[in-house]
Structure formats: C-alpha cells, structure tokens
Amino acid sequence: MHDLTPLTALGTQTPAVETIRGVTLAEVPNLALASVAARVGYETACEKNLADLLNAPTPEPGQYRATEPETAFWIGAMQWMVMAPFDTHENIAAMIKSRLGDTASVTEQTDAWVCFDLSGQNIEAVMEISCNLNTRKMGTGDAHRTSIHHLGCFVLNFGPEKIRILGPRSSAGSLHHALKTAMISAL
Amino acid sequence: MSQKNRLSGGQIDRTKTCNFTFDGKKYQGHPGDTLASALLANNVRLMGRSFKYHRPRGPLSAGSEEPNALVELRSGARCEPNTRATTAELFEGLSARSQNRWPSLRFDAMAINDKLSNFLTAGFYYKTFMWPAVFWEKLYEPIIRKAAGLGALSGKADPDVYDKGFRHCDLLIIGAGPAGLMAALTAGRAGKEVILADEDFTMGGRLTTEILSVNEAPALDWVRRTVAELSAMPNVRLMARTTVIGAFDHGIFGAVERISDHLAQPETGKPRQILWRIYAQHSLLCAGATERPIAFDNNDRPGVMLASAMRTYANRYAVTPAHRVAIFTNNDDGHRTAQDLHAKGVSIAGVIDTRPDAPLSEHFQVIRGGQVVDTKGRLGLTFCDVALADGNMRTIECGALGISGGWNPNVHLTCHQRGRPEWDNSLAAFVPGKDLPQGMRVAGAAQGLFSTHAALSSGAQTAADIFEIAPAQTPTAEDAPINQTPFWYVEGCSRAWLDQQNDVTVKDVRLSHQEGFRSVEHLKRYTTLGMATDQGKTSNLGGLAIMAELAGKSIPDVGTTIFRPPYTPVAIGAFGGRMRGQEFHPTRLTPSHFWAKERGAVFVEVGNWMRAQWFPLAGETNWRESVDREVRQTRASVGVCDCTTLGKIDVQGTDAAAFLNKIYCNGFAKLAVGKTRYGLMLREDGMAMDDGTAGRLAEDHFVVTTTTANAVKVFQHMEFVRQCLFPDMDVQLISTTEAWAQYAVAGPNARNLLRKIVDQDTDISNEAFPFMACANITVCGGLRARLFRISFSGELAFEIAVPSRYGDALMRRLMTEGEEFKVVPYGTEALSVMRIEKGHAAGNELNGTTTAQNLGLGRMVSKAKDSIGSKLSEREGLTNPAGLSQVGIKPLNPEHKITAGGHLMKIDGPVDAAHDQGYVTSAAFSPTLDSMIGIGFLKDGTTRLGEQMHLVSPVTTLTVEIEIVSPHFVDPKGERVRA
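Residue numbers (this note's numbering), protein chains in the order written: chain A, 1 to 187; chain B, 1 to 979.
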C-alpha cells in the first residue's frame, strides 16, 4: 500500500461543499472513471460485454445507465465512460479491461476529470446561467456534453433535484468558481 | 417638494417617495415613475441638448424610441451615459445629469452652433475638413469631438457584473401587450413552454397607458388578472425589463434582462444585467407600434412630444408636461389624447387636425384643416403658430404640444435576417414582409392591427395557429376602424426636425437629394438620419417619405435601410458577461500548483495553464539569479520540473502502430514494447507541425506526448486522420493529459533520486532501463505509475507520471528524498534555457514555417513508408540544401545580447531585407557557458559553422557580432542522456 496522500481537484484533502439558498455544490472525489471504446470489428461483442458488466443495455447517445456499482454514459460512437466509486474501483481500467478483453480499448480517466454534484431545488436556474443545455427538459438518465465557462463538460441528470457535472480536472478551480458564481447570481 | 404637474390616478405608488437629483437639483417622484415622468411632474421639460446644434430638448416619447431625453445616469464608476430618461426607472437616490452642454443645461455656450446652422448643414464636415489631411486627426477631430457627441464615459472600471445565460422555449413572445398576453394565455394553457418578454417593467403594453375597457371593465384589471394567471403557470416564464435585441440564426434570440437597473446598485453577487440567448422553436413578435411625428418648423422645443406619449404620461404616470396643452394630429388618435387629458383636468388649448372633416368635441376646440407651422419658447414651448384652413394664422398659448401622425408597426426584429418590410397602402406604413426569421410570426400592432380587439384576437389566433390548438377566448374590447393617411411634414417648412437625435431637418434631406445622395443608404450616411442610440425609430419613415417625394418615387420604391441588432443599445459589459479581468478565460493548474505556490513560485500563463516560471529563494534579487541557479543545480545534481502540461494522448488498438506510422514522418511500426521514440509530425503540406515522443506500453497501446501549445491541435488532427482518412484502422484515441501528473527528473543524480521513489521490483539501471525506455511501474509502495527515460534538458533524465490526485504528494516526496542531492525544482525558464543549450526545437522553431529539413531532421522523414506530409515535404522549395538550417548563435562578446526575432546579416554585406540570411528563434543566457546563446535558422547554415555575422534588429537598432556554431551547445554527443 503506497503512502502518498491524494488531493482533491480543488487542492484540498477534504472535498469542498457549498450551499447557497438551498442548492448545494459538492465536489465528488470518490469517483473512478474509465473510457471504453469498441475495437473495430468487435463492436457488437464490446456492447454485449459492457451490457453484461452493467447488467443492463449500454446507454444510447445522450443517456447514461446507472447500475450498481458502475454507471456508464455515452461519449461518442461506440464509446462510453464508466464511473464507479473510487474506494472500490481505483484500478477501474484494469477491472473493466479484464471483462471486455480485446473487444475494447480501455483507458483510465479517473483523474482527468473533476466531478461536482449540484443538488437542491431550482438547480435549473443555476444551469441556465452556466450552459446552453435545456435542463428544464432533461430527465433522469440524460447525459450531455456542453460547455461551461469555455470548458468542455459532461452533465448528467440524476433526478429533478440533482445534476452531476464532470469537467476538466486542471480547471477545477475555474469551473467551481463559475458554478458558485452562477449559484449566487441565480438563486 | 412640489410636483406641480402631477395629476390624479396613474399607476405610481403614492405611498412612497423617491428622492432624486437632476443636474444636482433635488426632486421627488414615486415608485413606478420613470426619470422622465418624475421630471415632468416637477415641471422640468428641458432634459438635454441636441447632438449638433445644442438645441434645448425635452422628451419626445415615453419609451425606448426616445431620441432626446438622454442623460448620464448614476455617478462615479457606475455612471452610464446616453441613458433614456423615458425608460430609466426611478429609485431612491437616483442621480442624473444632462449631457452635451457647457457650462449648464439652461445656458449652453455651444448653442452658438444653432446660430451657424446655415453653415453647419449636412455634409459640412465632409466638405470642410478634407484638407490638409494631417489636420484631421490632430486638430479637426478633437475639436469636433469636443463640440459634438452625447454623454461621456466615466473612464473607470465598471464595478458591476453581468451574466450570460441560455433559455429554451416552445414559443418566445416578444412584447407583453394585448397580443402578447393573449398569445401567452393560448400557448401557456396548452402546456407549451412559453417565454413572454417585455422591455417595460410593467406588463400590458399600451393597455397600461390607455383608458380602455376589456370585457367591459378597466383594461388594467384584465392585464393584472392575465399576468397573475400566467405567473401561476410553471411552463410560462414572464421576463419583464427584458429587451429582445436581435433575431439571429436558427430561431435564436438575444435578450437583455435588466436585473438591477431599477436599484441603486445590484445586490451583492447579483448581476446588473443578463444577456440571454433564447432558443425558441417559434417566436411571436408582438412589439406593437410607434407613433410617428409630423415635421414643422421648430417642432423640437421641450414640451413638444408624441401625443401617445402625452397620454402615457397622463394615464400611467399621472403627469402632464404642462397644464395647458394643444394637440396636432392627422388622425383620431390625437383626439383620444385630448379627451384623456381633459378628463384629468388639463386645459386643452385646441386640437389642430389637418383633416377638414375632423370630429368635433364638446369639451375642447378642434381646428379643422389646421396645421401647426411654428413654435415659440426659448427653453420650452410657450406658443404655437397655427395656419388655419382659411389661410389666416392663429397663435395658441400652450406649454406642451402633442403630435400624432399615425403609427408605424415595430417591424425591426422581422428584418434582422435581412428580410424587408412591405408597404401597406391602407396604413401608409411598412408592415412585416413575408421573409421572416425562422419560426417567427407577427401579431397585433406590429402586424398593422391597431385596434385593441384586433391585437387581442390576433395574438390568440396566431399562437393557436402555430401549435394547431384552440385560441384563448378573446375578450371584448374597442375595435375602431383605422383611418391612417400620410402626413409627414408641413409644406414650406425648413428647420423642421425629422431626426431629433442627429439634428437632421427636412432641409437636410432636400440637400442630400440635391447633392446626389439619393439612395436610402446614402441618405443615411450623408445626413446621419437614423443613426445613434434610437436608430431612427421616430424619424426614418419621415426622411424616406420626403426623399420619395423629391425623387418622384413611392416610399416602398425608395425602400428602407437595413435593420440590424441590437434593437436598443446594450452595455458592452453585457456582451462580455463574467469573462473579464482574471475571469477572462479559465485557468488550468498543474498537479504541483499548490505546492509551487507554497514555495513562492512565480507563475506564467502558457495558454490557459499556469506554470511555475522559476522558484526564487531568499536573497535572490532578480529572476536571472533564480533561473541560473536552477540550471546550474540541475546540471550539477538533479532538478524536478512539472511537465504535466505536455499533451498526452492514449492510442490503443491493433492498428495503433500502423496509425502512428501515418501520423509521424518517422517509423513507429517496429518500435519495441517498453521503448519510446522521438517523433515528428508533418502537416499535409509537408511543413513541420509538432514533435514529441510516443512510448509503447503494449503491442496495442502507445502514449503519445505533444508540445503544451499544440496538445489540442494534435489531438484534433489525429482524430481527423482516424475518422476521415483511415476509418478502417482499428485505433482508438483519447486524451489523458489531465489524468497523469508528470514530472521531469533531470541531472546526474536523477537515477539516484528516483531509486528512492520507485519500488524495488523495477530496475532503473542504465542497462535495465536505458535511454528511451518506458514502463508501467509502481512507486512509493504500490502506486501505479509510468516511467519514461527521455530528456529535454540534455541531462540524464526521466519523466515519471502518477495519477493526478497524487501529484502533489509525489512532488513533495521528490523534494524530501532529494534533499541529500540538493534537489532543485525548476520552472519553465530554466527548462527553456536547458533546451536551448541542448539545441532542442520548441514552439519558436516549430512555428508553422519550418520543415523537417530546416530543423535538421530531414533524414527522419522516412522514404520507406507513406506518412502524412511526407510527399509534399519533398517539394523543390522545401528540399533546397542551401535553404534554412537550424544553427546555434553565440556573441563574440559574451556580454552582448542575443535577441529572438533578430535577423542574421553577412558581416560585410548590406543590411536590408533583400540580403537577409536568416533569423533567431530562441535566445537565453546560458549559465553553463556564461554567455548569451541563441538558436535560429540560417541559409545553408550547416556549411557555415564558424562564420562571423551580424545579428541586427532594425526595430531596435541592435547590431551584435556573432558566430555561427552548432545548435548543440551542451553535450553534443549525447553522452549525458545515455549515462
């Protein structure tokens, strides 16, 4: 067991949590991520293997599929991102590769992203200051790519009062600031 | 404080008082007032001076079409010039100043211009200030700018913030008058997502300004009930104080919501305004209509205003501009103003109607077939001269004159996609044409339907048609026939003002025609008709009508100028949003950023990245001392540099090697697993694009590194190649730049330091892990990591990568474990110095104009395979052996400076562009050589080592004697990197 202490993307040892007028913005460092891309000629097999892993069909474009413990969302043609708790899936790329074998290319993406959960009533007001997604129309299971403060982000709708935002880790501070500013402005 | 012109009724809140100042004088008004209505209530008609002649002016309108009553609102950094007093909501403590006057509004010395008006006609500046040309910028322009213009900026940074946002809807309704409200009811009740936007702070449009009945009750009651019903609908969003400024492509609209303009200052953290981008499946323009004035001599005195504005001030704001008023009209609408004001106790001096059969009134005198031909009053209207139908003249005493020349539909937004309005003869007005922006429909007065009933029913029916649903039931309302005939100006007038904002008269239009500027676009530029903040909302049609008459054409044949966004002026801050100052763009922080900050690092922006530039120590007095120390210590023992910013692209697939063989000009197919290779990418045209390394972690797995600057561009290029050029290849790409914290560990003790970090089962001896090796390893007791033996500094060096969350801890560990070697962190400056000493190309050399041959890498372009750019790199112009080659540059006197960007000239040749021999791309002081050094490109450079030349910079008059040397100043044989 190594002895290096991790930092969150915002540079702290404990994740940041901010609540403004009933809406909470929380960093979620307990998240492991890996991208899955089907190998050419193995698309069907890859989809099947991933579906077996999820114990559910692979998500369609603009969608995610949440199962326990993995959740997968569509990121491109025959490409998905799989996320799971970091505590149990720190080695997520190897874990998935062992299930998908040569049908897929799997790449660790855990620390490529910072994850924020935005929860509470009226989160749509915050999102419409932040990005051009129509969050009023998004439903549970929707996952879209968008730009927030010029940063390419994924936005997953976890229900009427919870949205997950994945943004580039190196810009975690800028993204956090943009979201917090939007909360103060909109709420 | 007296509000002597305040009437009874209105929609102001008389339970509260707002104190405000205008030109330093204290006044009082009420919530619900605008600045203009409050000033009128206090008997202030004079609110500004005109643009050119500095003529006294008061409000012409009661809305956003206002050309005259422009003020500097607020003070200090929040001062905003050119704010329309007619739309500025009154709040406690408001302060405003008149503008474009000196020394005071009542006595303006620049009003001398008015006396010189015979000289200062349209085109005066163009004709007079043509020569001498040098006078224009230095003399004429400053004088003209001083004399003319509107308000002035504060020159201070705007303390407020602005947001940008995005909204989506099934139906965007622009204008919340009777048509807009009915449309919203229809679509809202059907469950459609509706946005109802109105520039006013109160919804209802003209229903809030008229004494009308709807469903046989006051119209205002119906408005309040309707707005309440709409407010209760979760699918309907009411956006008051929101001006839709433009109709853009694909049903996208821009809208400015004034969140805090009605407050003394925004609440903490709240924006002043939000610029919304509204994505609408459908839009319905219910923007209403603007009353048009009639031109006659001296029709611009304070107190002369649109009759509908006079009615608005009376009915909504309970204000009259004077207690004795007259009306000049060519239609029944003017009579309505007289009736409403009479009902409120205002004395009607007379209604002058151009029609011989105008309706009479039992309450006031109607002068049939009369025309107002002139006015009197130095700073405000006192009398108007009326030409009677029988040819006699009569002077009428009045403090205000309402003018009504009919109504023009507000078609502006229908034309933002280059559509043209159509002329409607029955209305003598332009109405929306057929070529509307995508998804747009028009209803109500904006469509030319001027009666209240027509507006209500058309709003409901159009919304119903859009969605194929039933319309909301139209309430009963007046449905008077519209009898609108053209009457643009009074015959024989001269200084009759068409465009009051730009001081354009009927005479100016005649002059424009006389001098050949007859196209409507030329008319606009020659006279400035329709320019500036009001964009000619009250003036354009009058100017067109006169030009048409002079040219012997019809108005539609003369046409209109192009309508462009924004509909009303927008603060530049709203376009910028939050992206200003330090938030202009997002920043990217390296994994060691917080540690580096603790160490006092000086940071530099590299794209969005913040990179440590150097790490100053106590006692160091300048950056060079820090950088020199970092270089010396790295070369003497060991240094660590965060190189996370280099692009990292994960390349996997059974064709990964074959793919890289296409991407790179040199071979990668046979690269062994566990090895790294330097690679050069060419563009399709054969020029060098980027360089980097690719490490093979498995048969089907590579990690490609790119330069920091080109990380995104290279990834885009590779994706293009994968998807478009070689879609059959089994290769998958994804960026992992941010996923791994990567540090260069360089110097003779690099291996010794890493041995304290790398877990025991990995042998990093030179034999087991030679130069250009790579491997997946573990560090610090089991953390997965990647190790590459590559060197940018020219020293024995490694790059070690761990998941980013552990990057901070790894850096701290390297520093702790490296204490025995006096390890030093080094920044981008030392990095750059060492790579110049080593002669490694970087962004300065890979500058888009250089080839592999220029870079001394010509032999890397493999002839044994096809790769992107390889064929075109063989073009004659790119393969000339006497072409530019990369060389090193050293001053003969080490004290002398080498300057990047300087050019190389023969020592005895002329110094000019024709004899240019090459140029310097990178330069630095080398603490290793104790001299400035540089690298650059020199014609036939490889054969000219040892030649003495001049380095010149014509821009700075620099001339330095230099010697051409090998670009590899340090360890040219590469022994250190292989140690």
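Ideal Cβ placement from N, Cα and C applies to all residues, glycine included.
Amino acids of chain C, ordered along the chain, whose beta-carbon sits closer than 7 Å to that of residue i
i      : result
L151/A : Of the chains in the structure shown, none is chain C; the protein chains are A and B.
Close beta carbons around residue i, own chain, < 7 Å, minus the five adjacent residues each side
i      : result
N331/B : S404, G406, N483 and Q484
Y125/B : I144
R510/B : L550
L7/A   : Q13
R635/B : G747, E795 and T928
L263/B : F91
D730/B : G653, T654 and D655
H188/B : Correcting the residue identity first, residue 188/B is Gly in this sequence and not His. Once the five neighbours on either side are set aside, the close Cβ partners of G188/B are V194, L230, M233, N235 and V236.
F129/B : W136 and Y140
R976/B : G794, E795 and L796
L388/B : I367, G370 and R394
Cβ neighbours of residue i in the same chain (closer than 8 Å, five flanking residues each side left out)
i      : result
K52/B  : N113, L120, A148, N502 and D503
V920/B : I889, I898, T899, A900, G901, G902, H903, L904, G934, I935, G936 and L951
K906/B : H915, Q917, M949 and H950
Contact set for residue i: own chain, Cβ-Cβ below 6 Å, skip 5 residues either direction
i      : result
A179/B : C286, A443, G444, A455, S458 and G459
G573/B : D158 and Y162
V17/A  : A26
C79/B  : E72 and S154
Three-way DSSP call (helix, strand, coil) for residue i in this model
i      : result
K16/B  : coil
N157/A : strand
D142/A : strand
T706/B : strand
C780/B : coil
A217/B : strand
T12/A  : coil
W136/B : helix
W407/B : strand
Y317/B : coil
A83/B  : In the sequence as displayed, the identity of residue 83/B is Thr instead of Ala. In this structure, T83/B counts as strand in the three-state DSSP scheme.
L118/A : strand
P178/B : helix
E43/A  : helix
Y678/B : strand
F467/B : helix
C724/B : helix
I663/B : helix
Residue(s) in a DSSP beta bridge with residue i
i      : result
G936/B : V887/B and V920/B
V802/B : A741/B
G165/B : W276/B
D297/B : A496/B
L34/A  : According to the sequence as given, residue 34/A is Ala; it is not Leu. Its beta-bridge partners are V82/A and E108/A.
W131/B : Answer is none; W131/B lacks a bridge partner.
Q473/B : Answer by DSSP bridge pairing: none, since Q473/B is not bridged.
E257/B : T242/B and I274/B
E291/B : W407/B
P56/B  : R49/B
Supposed contact pair residue j and residue i - C-beta distance, whole angstroms, cut 8 Å
i      : j      : result
P825/B : R599/B : 7 Å
R813/B : L4/A   : 7 Å
G530/B : T561/B : 6 Å
D300/B : R45/B  : No, D300/B and R45/B are not in contact; Cβ-Cβ is about 12 Å, not under 8 Å.
Validate contact between the stretch 639–656 of chain B and the stretch 726–739 of chain B using beta carbons, cut 8 Å, 3 pairs
Enough Cβ pairs lie closer than 8 Å, so yes.
Given 8 Å, three or more beta-carbon pairs between the stretch 428–440 of chain B and the stretch 151–166 of chain B:
As far as the Cβ criterion goes, the stretch 428–440 of chain B does not touch the stretch 151–166 of chain B, which means the pair count is below three.
So, does the stretch 72–89 of chain A touch the stretch 699–715 of chain B, judging by three or more C-beta pairs under 8 Å?
The stretch 72–89 of chain A, when compared against the stretch 699–715 of chain B, does not touch it at the 8 Å Cβ threshold.
Quick check: the stretch 821–837 of chain B against the stretch 596–614 of chain B, are at least 3 beta-carbon pairs closer than 8 Å?
They touch, by the three-pair rule.
Assess, as a yes-or-no matter, whether the stretch 351–364 of chain B is touched by the stretch 277–292 of chain B under the definition of 3 or more beta carbon pairs within less than 8 Å.
No, they do not touch.
With contact counted as at least three CB pairs below 8 Å, one residue from each stretch, are the stretch 837–848 of chain B and the stretch 684–693 of chain B in contact?
These segments touch.
Using 8 Å as the Cβ pair cut-off and three pairs as the minimum, do the stretch 46–54 of chain A and the stretch 103–119 of chain A touch?
Contact between the stretch 46–54 of chain A and the stretch 103–119 of chain A is present: 3 or more CB-CB pairs across the two stretches fall below 8 Å.
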